[in-house]
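Just add 221 to the spot in the sequence shown (first one is 1) and you have the numbering used here.
The beta carbon of each residue, even a glycine, is placed where N, CA and C say it ideally should be.
In this text the structure is predicted, and so the values were computed from the model without any measurement.
Input: a single structure, listed below in structure tokens.
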Amino acid sequence: MTKSLLILITIFLAGSIILLLPDNNDPIIRFNKIHGPSLLDLAGLVLILSAWFASCIFVIKKWSQVLKSIGHSTAYFLVLLYVFSLSGVVLALILSLDLLLWTCIILAILTNVSIIITAIRVKEYKN
């Protein structure tokens, strides 16, 4: 593993731990009657999103190798599944549906991690 990848994993895990810490503070933003991040939650989300953004850039740079490695249909299926799961998260937040929310979050995380791992493991193809 490269040093930058370890840094990204550390930032993501730190954000996740901060997000999981219990807090009883008032939400700064309200998504619905039940959900809304407090200041502490927002700090964790910023760390998670920064690691996610950097991972997206990494995957985009390796996208041609990912396509060659797992095939076009599999790669685009994973992207479509990821987009649908993120849409499910938004829908669940709007409608206050906890089961849908957590199902879509887990599906999005698994899909995202599988794409990132594929991008990490691909070999450089020479034409």
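Task: Contacts around G236, its chain only, beta-carbon distance under 6 angstroms, and the 5 residues preceding and following it disregarded - done: Correct list, in chain order: G265, L268, I269.
- [ ] Output yes if chain D places a C-beta closer than 7 angstroms to the C-beta of I291; else output no.
- [x] Annotation note: the requested chain D is absent from the structure, which comprises a single protein chain.
- [ ] In angstroms with no decimal places, state the Cα-to-Cα distance between I326 and Y303.
- [x] Linking I326 to Y303 through their CA atoms gives a straight-line distance of about 10 angstroms.
TODO: Note down the Cα distance separating T324 from V310, rounded to an integer number of angstroms.
DONE: Distance between the alpha carbons of T324 and V310: 9 angstroms.
Task: Limits of the unbroken alpha helix (DSSP H) element including N333 - done: The continuous alpha helix (DSSP H) containing N333 extends over residues 319 to 342.
- [ ] Pull up the distance between the alpha-carbon of S213 and that of S308, whole angstroms please.
- [x] Any answer about residue 213 is impossible in this case: the structure gives the chain only from 222 up to 348.
Open item on the list: Nearest by alpha-carbon distance to G292: which of I230, A340, H256 is it?
Closed with: Out of I230, A340, H256, the CA that lies nearest to the CA of G292 is found in A340.
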